[in-house]
Amino acid sequence: MTQMIAVFPFVAGALCASVTIIVLLRYRFYARRVRIPFAVLNLACAIWATAYGFQLMVPLVSEKLLWFSLWQVAAAFTPTLWFVFTLVYAGDETILSRWSVAALCIEPTLVAVLGLIGVVGISDLFVGDFGRISTSSGVFLSMTHGPLYNVHLLYVSALVLVGSVVMGRLLVRGDGNYRRGTVVLLSAASIPVFAFAMQLLGPFPRFDVTPIALGLSSIVVLFGLRSDDLFDVTPVARDYVFSEMRDGMVVLDDRGRVVELNPAALPLFTVPQEEIIGSHIADICHNSLGMYALLDADRSRLDITVEDDGEKRYYEATATPLGSGEGHDRGWALVLRDTTERRRTEAKFRTLIENSRDLISVLDADGNHTYASPASKHVLGIPRSELEGSNSFKQIHPDDREDIRSQFDTVESRDTIRAEFRHRHADGSWRVLDAVAVNLLDDPAVGGIVINARDVTSRHRYEQRLRVLNRILRHDLRNDMNVILGHADLLGEMTDDPKRRAHVKTIQQKAESLVSLGERAREIDRTLHGEDRERRPVEVTDVIAEKLEGMQESNPSLVVNTHLPDEQWVLATNHVGTAITNVVDNALEHNDRAIPRVGISVSKSIHTDEVEIRVVDNGPGIPASELAALEAGTETQLQHVSGLGLWLVKWILAGSHATIEFEERSGRGTAVVMRFQPASPPERDEQDESVEDDTTATTADAIGTEPEGTHGTDEIDETCETDETDERSPDGSGDSESERERKQHVYSTHIPDAEDNDEETETDPDRQETVSADD
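Have a look at this one:
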C-alpha cells in the first residue's frame, strides 16, 4: 500500500524538477539574479518530495532513515530559500550580503546536523526514537520530536511569513503582469503552508502531505510560466513612477538582454513590443553599433534618430551599471530622453544667429575667439574661420585697447558690460562697434564670454556731424546774431523815420528769435545727452507750483486755475520739470486772448492707476499739421512744428516711459494730458505717510477739492471753456459773475471784481492768485 502512496511524492518531485529545468533552460528570458534562486528553491522541493517517496517505498527502518536524512536536509533549507527568493524578486537583495547569507544558513545547517545526530541515536533534542509502525495503509517510519523541533517550527514559520509579507507588499504596489506574477507566486507558496498546517493538526499524523503539496505548487508555477510570463517582468526599479515617467527606461540583465521597459522607451526598438523582452538590446534597437559602445563604456551617451511617418525624432540614451560599483553584475539601467524639442530650439536659435546682422562671438578668459557667427564677414569683413582662434584685442584701436581690456577684466565680477570702441576692418578702416558682453564662463553649455557687437559707424559719424552743427548753431550763429543786433541798434539810433524804425524793430525781433532758438537747441542737447537719464521718483506738484508763480509775476492778466494735491510722486527722469514747463509755456505763449486762462490738474486715473497731469488753455489750439508731425515723429515741408518746445516735451516723456496726448476742446483751446507711472516717495516711513495724509485731507477740505481722482479735471476744463462773448463780462470785467463765483468756490482763486476792467487786471497782479511751479 505504501508503494502506491509513494507515487504521489514522486510525481510532486518530478513536477518540481521540471520547473527547475524549465527555468534554467529558458535562461534567455529570465534575469540570472531571479532565475538562480528560484531554480535552487524548486530543486530543494524536488529533493524533499523524491526522498520522501523513497522513504515510503523501502521496508527496512535503516533504509527509511537514510532517505529521511536526505529529505530532512532539503526540508530544512526550503523556507530559507523561499525567503531569499522573495527578497531577490522584490529587488531588496541589497540586504543579502555575504554575512547575512551566512547567518541565514546557520539555522538550516544546525537542523540538518541535529537530524543526523538523532538518526544515529546520539541525541534526541531535535528528533529521535525512530521505529517502524504498520497500519492498514502501509508501513511508516515513526519518531518523536525533541524541544528544538518546536523552535525550528517557529523560526521557519517566521521566515515564510516575512517572505509572504514582502510578496504582499509587491502585490499592492505592482500593476499589470507584475501583479499577476505576484499572485501566482503567493498562491503557489500558500499550498504547502496549508498542507503543513494540516500535517500538524490534521487526520494524517503518520503521512506527510507537504511534499505532495509541493507538486501542486509546481503546477501553479508552470501555469504562471506559460500564461502570465511569470518572470518576464522583474521588480527592478519597478513601481508606478517607473511606468509613468516621461523618459524612457530600459532594464537590462548582466548579458545586455531586456528584462523590463516602460512605454516611453518603445520608440528605441525596431521590433514589436512582444519581441523585446529577452532579446539583446543591440539586436533590436536603432544604432546597434552605438549601443554596443555605450554598454562597453566606450562612450558616455548615445544619440539616436528615429523616423516615424516621415518625422524625425531625436533621443539621447545613457547607461548606468546596476552592479555594486565594481561592474555590472546585475545589468544596466538605460535611460532614453527625448531631445527633439531641444534640438529644434537649438536649430532655431542657430538659424537666427547665423542670419543675424549683428556679430555674436564667444571669447575665452584670455579674449580669444572660440566661436564667431557668420555676421563677422558683414561687420568686420573677416570670415568666421579666420576670426575663430584669433585674439580680439589685437584688432582694437590702440587708443581704445587699454580701456576695453580693463572692462573685459572686470566682466568676471559683473553680469553685463557695454562699450563702444573702434575695431579694424578687413579693408584697413576703423569701424565703431557697440558691444554688449555677458559673462557665461560658468555655464557649461557656453563656457565663455558672449559678445554681441553691432556696427554703429554710420550713427557715430552722424552724431559727430550733429555735434559740429550744434556747436555752429550755439556759438557761431549766436555771435553773428549779436553783431546783427548791435548794428540794428545803431541803425535805430541814426534815424527818426517811423517806417525805418519799424524795419529795425523787425530785424531785432527776428535776430532775438534766432538767438532764442540757439539757446533752446543748446538746452535740448544738454537735457537729452546728459549723464543723468535714469528714472527715479520725482515730485511734480512743487514743479508746477513754482512755474506758475513765475508766470503769474510776469503776466499779471493771466488767470490760473489749479487742482493739485499736496504732493504727487511719479517715476521719471530729472528733466520732467523741463517738459512740464514747456507745456505751460506753450499754453501761454501762443494764447491770443486779452485774458489768457490756463488750468492745471494732477490726479490719478481710476482706471489705469497712472498719474495724469492735465494742462488746458483757452488759446487758438495747436494746428493739426503740427500734431500730425509730432505723432509721425518726422517733419516735412507741409507738416512741421513751430519751434522745439513740443519736440523736447515728447523726447523727455519718452525717456521717462510716459505718454502725451493732445485733446481738442469744444470752442477754443487745447488740453495736453501727460501720463506717468506712479512712484512711492523715497525713504518715507508709515508715520510720515499718515501725517501727510491728514494734511492732504485738511487742505482738500479747505479748498474744496479732492487730492486724488479725476473729478477735478472736468472742472479745470470748464474753467477755460469761454467763447468770444464770454471773454469780458458786460460790466467790463474779465469774467462773468457766475464764472467768478464758481471759481472762487471750487478753486479758491481770486478773480477781479465786477468793476475791475482789463487794464486794472493787467496793472494789478496782486489781485490774481499766485500758484507755484518748478521751471
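When the count follows the numbering used here, it moves up by one through the sequence shown with no breaks and lands on 777 for the last residue. Don't be surprised by glycine CBs; every beta carbon is placed ideally from N, CA and C.
Helix, strand or coil at residue i [DSSP, three-state]
i, result
"LEU304", "strand"
"ARG616", "strand"
"THR341", "coil"
"ILE419", "strand"
"SER20", "helix"
"LEU127", "coil"
"ASP411", "helix"
"THR259", "In the sequence as displayed, the identity of residue 259 is Arg instead of Thr. ARG259: strand per DSSP, three-state reduction."
"HIS505", "helix"
"VAL2", "This structure cannot settle anything about residue 2, because the visible part of the chain is limited to 3 through 777."
"VAL36", "helix"
"PRO680", "strand"
"PHE10", "helix"
"ALA673", "strand"
"GLU708", "Reliability of the predicted coordinates at GLU708 is poor, the pLDDT of 39 falling under 50, and no value is obtained from them."
"SER99", "coil"
"ASP482", "helix"
"LEU646", "coil"
"VAL434", "strand"
"GLU726", "Its pLDDT being 44, under 50, GLU726 is placed unreliably in this model, and the value from its coordinates should be taken loosely. Helix at GLU726."
"ARG599", "strand"
"LEU156", "helix"
"VAL440", "strand"
"GLU667", "Position check: residue 667 holds Arg in this sequence, whereas Glu was assumed. Of the three classes helix, strand and coil, the one that applies to ARG667 here is coil, per DSSP."
Per-residue burial, residue i [other beta carbons within 10 Å of its own, 16 or more giving buried]
i, result
"LYS652", "buried"
"LEU270", "buried"
"ASN481", "exposed"
"VAL36", "buried"
"HIS659", "exposed"
"SER605", "buried"
"SER750", "Note on SER750: pLDDT 30, under 50, position unreliable in the model; the coordinate value appears next. Answer is exposed; the Cβ neighbour count stays below 16."
"THR22", "buried"
"GLN275", "exposed"
"ILE1", "Since the displayed the chain opens at 3 and closes at 777, residue 1 lies outside it and no answer follows."
"PHE12", "buried"
"THR497", "exposed"
"LEU202", "exposed"
"SER378", "buried"
"THR184", "buried"
DSSP beta-bridge partners of residue i
i, result
"GLU539", "Here residue 539 turns out to be Pro, not Glu, going by the sequence shown. In the DSSP output, where bridge partners are listed per residue, PRO539 has LEU573."
"SER363", "ALA374 and ILE453"
"TYR316", "THR307"
"LYS606", "VAL613"
"HIS282", "ARG259"
"ILE398", "HIS425"
"MET251", "VAL337"
"ALA321", "LEU336"
Contact check, residue i vs residue j, beta carbons under 7 angstroms
i, j, result
"VAL63", "ALA41", "no"
"ALA8", "LEU58", "yes"
"ALA574", "VAL545", "no"
"THR418", "VAL434", "no"
"ALA53", "LEU72", "yes"
"LYS513", "MET483", "Before going further, note that residue 513 is Ala rather than Lys in the sequence given. Cβ atoms of ALA513 and MET483: closer than 7 angstroms."
"TRP84", "GLY165", "yes"
"LEU338", "ALA319", "yes"
"ALA267", "MET251", "yes"
"ALA656", "GLU665", "no"
"PRO39", "VAL86", "yes"
"ALA190", "SER219", "yes"
"ALA51", "PRO194", "no"
"THR583", "LYS549", "yes"
"ALA437", "ALA455", "yes"
"ARG315", "THR347", "no"
So, do the stretch 453-467 and the stretch 478-498 have three or more beta carbon pairs nearer to each other than 8 angstroms?
no
Determine, using beta-carbon pairs with one atom in the stretch 342-362 and one in the stretch 273-291, whether at least three such pairs fall under 8 angstroms.
no
How do the stretch 166-173 and the stretch 142-156 stand: do at least 3 beta-carbon pairs fall below 8 angstroms, yes or no?
no
Three or more C-beta pairs under 8 angstroms: does that hold for the stretch 416-434 against the stretch 394-404?
yes
Counting beta carbon pairs with one atom in the stretch 608-618 and one in the stretch 666-683, are three or more of them shorter than 8 angstroms?
yes
Does the pairing of the stretch 362-377 with the stretch 441-451 give three or more beta-carbon distances under 8 angstroms?
yes
Decide if the stretch 595-605 is in contact with the stretch 561-569; the criterion is three or more beta carbon pairs, one per stretch, under 8 angstroms apart.
yes
Does the stretch 385-392 come into contact with the stretch 402-410, if we say contact requires no fewer than three beta-carbon pairs (one atom in each stretch) closer than 8 angstroms?
no
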